[in-house]
Each structure stands twice: as structure tokens, then as C-alpha cells.
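For the sequence shown, this note's numbering gives the first residue as 1, with consecutive numbering after it. For glycine and all other residues, C-beta sits at the position ideal for the given N, C-alpha and C. Here the structure is a predicted model, which means the values were calculated and not measured. I have placed the structure first, in the form of C-alpha cells, so that the comments after it can refer back to it.
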Amino acid sequence: LSVSALGHTGSLAILSTGTAGYVTVSGISYQLPSASFQRLESSFSELGASPGAGAGAGTLSKLGIDPLHWLVNPSVVGTESVGGAQTKHIRADVDVQALLGDLNTFLQRAASLGVSGASKLPVSISQSTRQQIAAEVKNPTFDVWTGASDKTVRKVAISLTVPVSGQISSLLGGLSSAGIGLNLQYADLNQPQTIVAPTVVHPYSEFAAKVRAFASQLQSTLGAVGLGSSATGSGASSSSATGTATTGTGSSTPAGVQAYSQCIQAAGGDVAKMQRCASLLNSK
């Protein structure tokens with residue numbers, strides 16, 4: 001699975017040898033803990049064995065996801081080669097409201113189907129939230145490549161544009177929108193596959209630490225954006241929050257934003273260093 005946004009591309013792969021599982025992120029592999037691997041294997045097994053697994057009932061439909069409900073204005077782009085196979089390329093627009101409706105159904109069904117980690121997901125998405133998201137997403141498209149002879153899906157791509165504003169826009173050099181893309185591709189279908197464990201494996205604790213650091217950094221940045229929008233509040237309210245007559249500790253000055261941006265660039269992709277940059281958003 002590959003994801004691209006803001007000019008950067010990342011990849012995620014999950015591999016099972018039958019006795020052990022690995023997750024690879026941007027070329028770095030980590031071995032899944034035994035318990036996590038067993039839950040993952042169990043999730044796929046239960047999806048395959050769940051009621052309704054007859055003809056035409058694919059994994060997506062069992063999870064409440066039916067692309068035919070949210071794809072509109074389909075058109076044939078042409079014939080292309082994907083993974084050495086001739087395919088027909090079809091493109092369609094996306095009805096975001098309908099897509100979010102399917103996602104809402106997925107969240108409701110995931111736990112009952114035994115999907116690993118489902119208990120940590122929200123159980124639903126409110127109608128108002130779905131409407132807000134649909135209003136923000138621009139130019140959503142869905143591309144699919146199916147085998148010219150066997151009609152089997154060989155590649156799927158989703159792309160959309162989201163607005164960028166406030167301090168996030170400032171941190172990104174005045175960017176007003178961001179393009180996000182997701183690609184999933186298959187090759188050598190129905191052919192024997194040799195599954196080999198990665199030769200270099202890092203401890204899963206490193207992966208977990210990076211995920212926590214990224215989540216913390218994202219939360220800090222979003223929190224700063226939310227607080228920064230009201231940084232010009234009255235001196236009285238600021239004083240009650242911080243004991244001073246200036247802005248509160250959650251606000252960010254232009255100098256702090258500039259310092260944060262420079263710190264992020266200097267971090268060179270090091271998540272730990274990027275996390276430490278968050279304190280600069282609170283500089284006065």
C-alpha cells in the first residue's frame with residue numbers, strides 16, 4: 001500500500017510467513033508481536049468464514065463497503081499494462097457522503113466480525129461530521145484497472161484534495177490545499193508465491209514508538225492550530241489561564257511559527273526531533 005501527500009510518498013506492507021508477521025514502513029521492517037500476529041491472522045480467517053461468504057460476497061461487502069453505492073460518472077480511460085497484464089482503466093467520481101456512510105457501516109460491523117483493533121475505533125461517524133467532511137473534500141476520484149481478459153482487479157487508486165488553512169498553511173509555505181493519494185496494486189495473480197521474511201528486522205517497540213511520536217506531534221500541531229486561532233483574546237482571559245497579561249501558553253506568535261517551521265526542516269524526517277519542535281509553537 002502506498003500513500004502520497006504534500007509531495008511525499010510513503011509505503012506500508014504487511015507480510016505473513018504463516019508462522020510470523022511483519023510490518024514494513026518505507027523500507028524498514030518490524031516483526032509483529034506474537035499476539036498481534038495471531039489477531040491479524042484470526043481477523044482474515046473470520047472475514048473469510050463469516051456468514052454470507054457465498055458467491056459475490058467479497059471481504060468489502062462483509063464490512064459494509066459497496067463502491068457501487070458511491071461511485072458516479074464512470075468512464076473508460078483506456079487500456080494500460082499493470083504488472084505485466086493488459087487492463088482496462090476505469091475512472092469515476094466519488095460521492096463522499098455515500099462513501100462515509102459505508103465507512104460508518106464498517107465501523108459498526110468491524111467489532112462483530114473480529115477485525116483486529118476494532119475495539120479501539122469509534123463505533124460510528126455522526127451525520128453532522130459526515131456532512132462537514134464531505135463539504136471539505138474536493139475533486140475525489142476513484143480509478144480501477146481490471147484485467148482485459150479475466151476482469152480481475154489489478155490496481156486501485158483514490159485521490160482527493162483537502163483545504164489547508166491557518167497555521168498549518170503558514171508552516172507549509174502558504175499552501176492552500178493538499179493532494180492525497182492512495183494506491184493498491186496486485187501482480188502475478190494466481191501464481192505460486194515465495195514468502196520470505198525480511199533479512200533485517202527492527203524491534204516492534206521502535207515502530208510503536210514512532211507511531212506514538214507521530215500521533216503526539218500531530219496532536220500538538222492540531223492543538224496549536226486550534227488555540228492559535230483565538231490567540232488575540234482579551235487580556236483578562238489570558239491572565240486567568242497563565243497568570244500573565246499576554247497571550248496564553250497555548251497560543252503561537254509569528255516568530256514561534258517561523259522557528260517551528262525551521263526546526264521541522266532541520267529535523268530531516270527524524271520523528272523524535274520533530275516532536276521536540278512542538279514546544280516552539282508556544283514561544284512568546
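Could you tell me whether any non-hydrogen atom of the ligand SAM is closer than 7 angstroms to the CB of residue 188?
This structure lacks the ligand SAM, and indeed carries no ligand of any kind.
Should the stretch 122 to 131 be called in touch with the stretch 64 to 72, which here means at least 3 C-beta pairs below 8 angstroms?
The stretch 122 to 131 makes no contact with the stretch 64 to 72; the number of CB pairs closer than 8 angstroms stays below 3.
If you compare alpha carbons, which of 263, 30, 42, 187 is closest to residue 202?
Locating residue 202 in the sequence shown gives position 202, where the first residue counts as 1. Comparing Cα-Cα distances from residue 202 to each of 263, 30, 42, 187, the minimum goes to 30.
Does the beta-carbon distance from residue 141 to residue 82 come in below 8 angstroms?
Here residue 141 refers to the residue found at position 141 when the sequence shown is read from its first residue. Here residue 82 refers to the residue found at position 82 when the sequence shown is read from its first residue. Cβ distance not < 8 angstroms, so residue 141 and residue 82 don't count as in contact.
Residue 13 by DSSP, collapsed to three states: which one?
Here residue 13 corresponds to residue number 13 of the sequence shown, with the count starting at 1. Looking at residue 13 - three-state DSSP - the assignment turns out to be strand.
Quick check on DSSP: helix, strand or coil for residue 102?
Reading the sequence shown from its first residue, position 102 is the one you call residue 102. In the structure shown, residue 102 sits in a helix (DSSP, three-state: H, G or I).
Spatial neighbours of residue 195 within its chain, please: C-beta separation below 8 angstroms, excluding the five flanking residues on both sides.
As a first step, residue 195 is located in the sequence shown; it is residue number 195 there, counting from the start. Cβ within range, chain order: 15, 16, 17, 18.
Could you give the first and the last residue of the continuous beta strand (DSSP E) run that contains residue 28?
Here residue 28 is taken as the residue at index 28 of the sequence shown, counted from 1. Per DSSP, residue 28 belongs to the beta strand (DSSP E) from 28 to 31.
Quick one: give me the first and last residue of the beta strand (DSSP E) that residue 158 is part of.
Position 158 of the sequence shown, counted from the first residue, corresponds to residue 158. Residues 153 to 163.
So, with DSSP's three-state summary, where would you put residue 20?
As a working mapping, residue 20 is identified with position 20 in the sequence shown. Three-state result, residue 20: coil.
By DSSP, does residue 76 sit in helix, in strand, or in coil?
Reading the sequence shown from its first residue, position 76 is the one you call residue 76. Residue state, collapsed to three classes: strand.
When you compare the CB positions of residue 157 and residue 84, do they come within less than 8 angstroms of one another, or not?
Your numbering for residue 157 matches position 157 in the sequence shown. Your numbering for residue 84 matches position 84 in the sequence shown. No, the Cβ-Cβ distance between residue 157 and residue 84 is not below 8 angstroms.
Per the DSSP calculation, residue 92 is bridged to which residue(s)?
Taking the first residue of the sequence shown as 1, we reach residue 92 at position 92. Paired residue(s): 142.
Which partner residues does residue 202 have in the DSSP bridge list?
Walking along the sequence shown from the start, residue 202 turns up at place 202. Bridge partners of residue 202: 30.
Assign residue 87 to buried or exposed, taking buried as 16 or more other Cβ atoms, counted over all protein chains shown, within 10 Å of its Cβ.
Residue numbering aside, residue 87 sits at position 87 when the sequence shown is read from its first letter. Buried, because 16 or more other Cβ atoms sit within 10 Å of the Cβ of residue 87.
Distance, residue 273 Cα to residue 211 Cα:
Position 211 of the sequence shown, counting from 1, holds the residue named residue 211. Position 273 of the sequence shown, counting from 1, holds the residue named residue 273. Cα to Cα, the separation comes out at about 14 angstroms.
When you compare only the Cα positions, how much space is there between residue 100 and residue 190?
Along the sequence shown, one-based indexing puts residue 100 at 100. Along the sequence shown, one-based indexing puts residue 190 at 190. Those two C-alpha atoms are separated by around 33 angstroms.
Taking the continuous beta strand (DSSP E) assigned at residue 177, which residues delimit it?
For this step, residue 177 is matched to residue 177 along the sequence shown. Taken as a continuous stretch (DSSP letters only), the beta strand (DSSP E) holding residue 177 covers 177 to 185.
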